[in-house]
Amino acid sequence: MVRSQDSLAGLGTLPLKGRIGIAGNQLPAQLDVRDRTFRVGGGKPAVVDEVRNMFQEGRIESIDLNFSLGYIPGRAYLALLRIAYLAIFRKLGYPYIFSPAAGVVREIISRSEHPPADLGNLIAELKNIFPVPRDPLQLVSLGDIGAIVVVITLLADSKRYYAVPMPDPGISADKVLETLRNAITVLLASRPN
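For this note's numbering, add 3 to where a residue sits in the sequence shown, where the first one is 1.
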């Protein structure tokens, strides 16, 4: 996730990988945003020869490009939620895990094959963060809202910071999602872009 975001921002050394399609022929392609280069290379020699002939003979009507970010957003958000859940467990122990509020989070995490579509709305990337967290995991209490925000530092070619709210153990199960949405709303409203 972080490496793909870095590539799109023109940071790092890894290009976006994808495929170029010409009349049913598929060839590997790479897009490097930083260097502003697009490379087509590799593939089966017969396919390369066929595409070269099509270009030389002017038989190209359309070209399809398909690039992958290399991750599935819902699963990446789920991984961040799992990290936050485990960070809270490490800090608060079993009383937290056995709370009804944590049970709601556990239920979301258990749906790894089909994470909720709106899960990304419960997680925020923090930019222009000050002070910069010293630790990879930092907990911030939003006591008046009933949430604890876990600030997660991820490092690839750049550092990125994600805020993942977790419910206070005293929150009732039916209020957990509302509490998490409120926490993200308040957090984002209080931070510069």
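Cβ coordinates follow ideal geometry from the N, Cα and C atoms, glycine included.
Fair warning: this is a prediction, and the values are worked out from it, not measured in the lab.
Notebook entry, point to check: Quick one: Cα of Lys209 to Cα of Val43, how far?
Noted result: The structure shown has nothing for residue 209, since the chain only spans 4 to 196.
Notebook entry, point to check: From Gly24, Arg62 and Phe70, pick the residue whose C-alpha is nearest to that of Val36; which is it?
Noted result: It is Phe70 whose Cα lies nearest to the Cα of Val36.
Check: If you compare alpha carbons, which of Ile155, Leu84, Tyr99 and Gly24 is closest to Phe58?
Finding: Ranking the options by Cα distance to Phe58, first place goes to Gly24.
Checklist line | DSSP three-state assignment for Arg42, whether helix, strand or coil | finding: In the structure shown, Arg42 sits in a strand (DSSP, three-state: E or B).
Next item on the list: Tell me Ile25's beta-bridge partners as DSSP assigns them.
Entry: Among the bridge pairs identified by DSSP, Ile25 is matched with Asn28.
Next item on the list: Going by DSSP, name the residue or residues bridged to Leu157.
Entry: Paired residues: Arg163.
Checklist line | Buried/exposed call for Leu81, threshold 16 Cβ in 10 Å | finding: Result: buried.
Checklist line | Cβ neighbour criterion (16 or more within 10 Å) applied to Pro31 | finding: In this structure Pro31 is exposed. Its beta-carbon is surrounded by fewer than 16 other beta-carbon atoms within 10 angstroms.
Notebook entry, point to check: Beta carbon of Leu140, beta carbon of Ile155: below 8 Å?
Noted result: Going by C-beta atoms, Leu140 is nearer than 8 Å to Ile155.
Notebook entry, point to check: In chain order, what residues of the same chain have a beta carbon less than 6 Å from the beta carbon of Gly149, not counting five sequence neighbours either side?
Noted result: Shown here for Gly149: same chain residues with a beta carbon closer than 6 Å to its own, the five before and five after excluded, namely Asp171, Ile174 and Thr182 in chain order.
Margin query: Let me check understanding here. Comparing Cα to Cα, which of Gly123, Gly106, Pro48 and Lys94 lies closest to Leu83?
Written below: Looking at the Cα atoms, Gly123 is the closest of the given residues.
Note to self: Quick check: the Cα distance between Val189 and Lys162, rounded to an integer number of angstroms?
What the structure shows: Roughly 23 Å between the two C-alpha positions.
Notebook entry, point to check: For Gly45, which residues of its own chain have a beta-carbon under 8 Å away from its beta-carbon, when the five flanking residues on both sides are left out?
Noted result: Counting only Cβ-Cβ distances below 8 Å, and skipping sequence neighbours, we find Leu30 and Pro31.
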